[in-house]
Amino acid sequence: MRVGIIGGGGLVGSCTGFALQCGGVVPEINLIDVNGDLCRGQALDILHGAALVADQRIRATGYESIPETDLVCITAGLRRKPDESRLDLINRNVELFLKILDDVMAAGLRDDAIVLVVSNPVDVLTYLATRRTGLPPRQVIGLGTMLDSSRFRGLIAQDLGLPATQVTATILGEHGDSMVPLWSVAQAAGLPLEKYPGWSPSKADELFKRTKGSGAEVIKLKGGAGFAVGISIREVIHTVALDSRRILPVSSLVSGQYGMGDVCISVPTVVGEGGVRAQLELDLWPKELSGLQQSARVLRETIDQVLKTNPNAAKAAAGRGGNGTTSGASRGGPPPASANGQGVRVTMGSGGSNASAGRPRVTISGQSGGGRGGY
Ligand SMILES: NC(=O)c1ccc[n+]([C@@H]2O[C@H](COP(=O)([O-])OP(=O)(O)OC[C@H]3O[C@@H](n4cnc5c(N)ncnc54)[C@H](O)[C@@H]3O)[C@@H](O)[C@H]2O)c1
């Protein structure tokens, strides 16, 4: 899989390039950045270590590499200031992001390419990319709460004196202030976290609060996040490249799941070849479900504000066909999954595909229709 990183000269982009190098899975890494010298410098620095890692082609390129690129990762963006919320960044970042999308499309974005959005506010920009590119929604993924979930696991592990890989805990919703921790499924080495010695509701609150503030904490200390976000991006890219079908908290267009619609938001998502293969609906605690729905409302309100105040964004959201509902269809792809019969719904844990046969533990809303992924 050939990967292009737009913003590859920057902190997030270059850390992503390095993380991909250390993984040794993708054969080609192209860094693209308006800052040509910085970009060439980062590519050269990564290349200098190639002999000790893997046989990968690593270079700084321009947009001319886009037609040969299987996955376009967009990390170019303006950094959050210490006291600025991610959503406040939107007004500064939307214009830049739309310009990049237009440049990518003009360069020849492939119909089967995956677009991975990292720039903030990531859920809002993922929504605009879903609409603007006209790619089937399954091919547009936002990093969502991948980094938040990884931070969460690391901080819980550190506090309890456990190895971080043995802590499984997930954050869903907005990559921002309304993110939702899923305490109902948090575990340490397969054991319920809430039963773990030393665990208490106040500790849970404290760890989640620190996780939510982690971005600001890192910005204050070192200017911006790099290593952990690079590793989080690598996890998504490897999952696509290897068709691992891992369940990741990434952001993509939802159409009915958990009672949410017409926003890009993080839900448990099966990722593999072709991008989003399914979005999982689990029984959540009522508090978690209402938190997730609130997060979707926050995002939808922001999208509405942007569309009202920014004519370019409104045009982008109207999609390539210009009617605002053409995402996917304009490039011949399937419509987004729907919870009311358009998409495949498989029920696991109640013995079959008939959701009404029993109370479902997990439903999988697949994205129906043909296409490369064939789901
Ligand atoms: N989603 C997440 O979890 C997450 C985590 C950390 C950072 N971010 C976001 O990532 C973005 C980048 O952060 P950073 O710390 O790497 O910033 P940075 O300033 O270090 O890098 C941004 C790079 O983008 C480049 N750029 C600007 N316009 C461009 C264009 N038109 N084409 C190509 N390149 C262009 C700049 O030259 C710069 O090198 C920000 O929006 C930040 O908020 C997201």
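Counting the sequence shown from 1 gives a position; the working numbering is that position plus 10. Ideal placement from N, C-alpha and C gives every residue a C-beta, glycine not left out. Note that the coordinates shown come from a computational prediction; the quantities given were computed from them, not determined experimentally.
Margin query: Any contact between the stretch 141-158 and the stretch 272-288? By contact I mean 3 or more CB pairs, one from each, below 8 Å.
Written below: yes
Check: Closest to V63 by CA distance: which of A117, P259, V35 and G152 is it?
Finding: V35
Next item on the list: Label L165 either buried or exposed according to how many other C-beta atoms from any shown protein chain fall within 10 Å of its C-beta, with 16 as the threshold for buried.
Entry: buried
Next item on the list: Put G362 into one of helix, strand or coil per three-state DSSP.
Entry: Low confidence applies here, because G362 scores a pLDDT of 30, under 50, leaving its location unreliable and the question unanswered by this model.
Notebook entry, point to check: Taking only runs of the alpha helix (DSSP H) that begin and end inside the stretch 85-135, which ones reach a length of at least 4 residues, in chain order?
Noted result: 100-117
Note to self: With a threshold of 7 Å (Cβ to nearest heavy atom), would K230 be considered close to ligand 1?
What the structure shows: no
Checklist line | Member of E291, I243, R255 and Q176 whose CA lies at the smallest distance from the CA of V264 | finding: E291
Notebook entry, point to check: From what residue to what residue does the alpha helix (DSSP H) around Q304 run?
Noted result: P296 to T319
Next item on the list: Closer than 7 Å by C-beta to I110: which residues in its own chain qualify, once you throw out the five before and the five after it? Chain order, please.
Entry: I16, I84 and A86
Checklist line | Between the CA atoms of T249 and I257 - distance to the nearest angstrom | finding: 9 Å
Notebook entry, point to check: Under three-state DSSP, which class holds G383?
Noted result: In this predicted model, G383 has a pLDDT of only 27, less than 50, meaning its place in the structure is not dependable; the value taken from the coordinates is given anyway. Coil at G383, not helix or strand.
Notebook entry, point to check: What's the gap between the Cα of N364 and the Cα of L30?
Noted result: Any reading at N364 must be qualified, since the residue scores a pLDDT of 34, below 50, and its modelled position is unreliable; the value itself is stated next. Each residue's alpha carbon lies about 41 Å from the other.
Next item on the list: Figure out for me which residue from Q52, K91, R310 and S210 has the closest Cα to the Cα of L231.
Entry: K91
Next item on the list: State the beta-bridge partners of R50 as determined by DSSP.
Entry: Paired residue(s): none; R50 is not in a bridge.
Item checked: Beta-carbon contacts of T7 that lie in its chain and below 6 Å, excluding the five residues immediately before and after -> With the chain represented from 11 up to 385, any question about residue 7 goes unanswered, as that position is not in the structure.
Next item on the list: Kindly indicate which three-state DSSP category N322 falls into: helix, strand or coil?
Entry: helix
Notebook entry, point to check: Ends of the alpha helix (DSSP H) at E283?
Noted result: Unbroken run through E283: none, as it is neither H nor E.
Notebook entry, point to check: Start and end of the beta strand (DSSP E) containing E4?
Noted result: Look at the range of the chain in this structure, 11 to 385, and you will see that residue 4 is not part of it.
Next item on the list: Return helix, strand or coil for D272, following the three-state DSSP convention.
Entry: strand
Note to self: If we require 3 or more residues per run, which beta strand (DSSP E) segments fall completely within the stretch 146-179?
What the structure shows: 150-152
Notebook entry, point to check: Looking only at its own chain, which residues have a Cβ that is under 7 Å from the Cβ of A198, when we skip the five neighbours before and after it?
Noted result: L170, L172, Q176, V177 and Y206
Checklist line | Inter-stretch contact (C-beta, 8 Å, three-pair minimum) for the stretch 294-304 and the stretch 177-192 | finding: yes
Check: If you pair each beta-carbon of the stretch 122-130 with each one of the stretch 313-331, do three or more pairs fall below 8 Å?
Finding: no
Note to self: Can you find the residues in the same chain that come closer than 8 Å, C-beta to C-beta, to W209, ignoring five residues on each side of it along the sequence?
What the structure shows: L170 and L203
Notebook entry, point to check: Mind checking whether N40 and G19 have CB atoms under 8 Å apart?
Noted result: no
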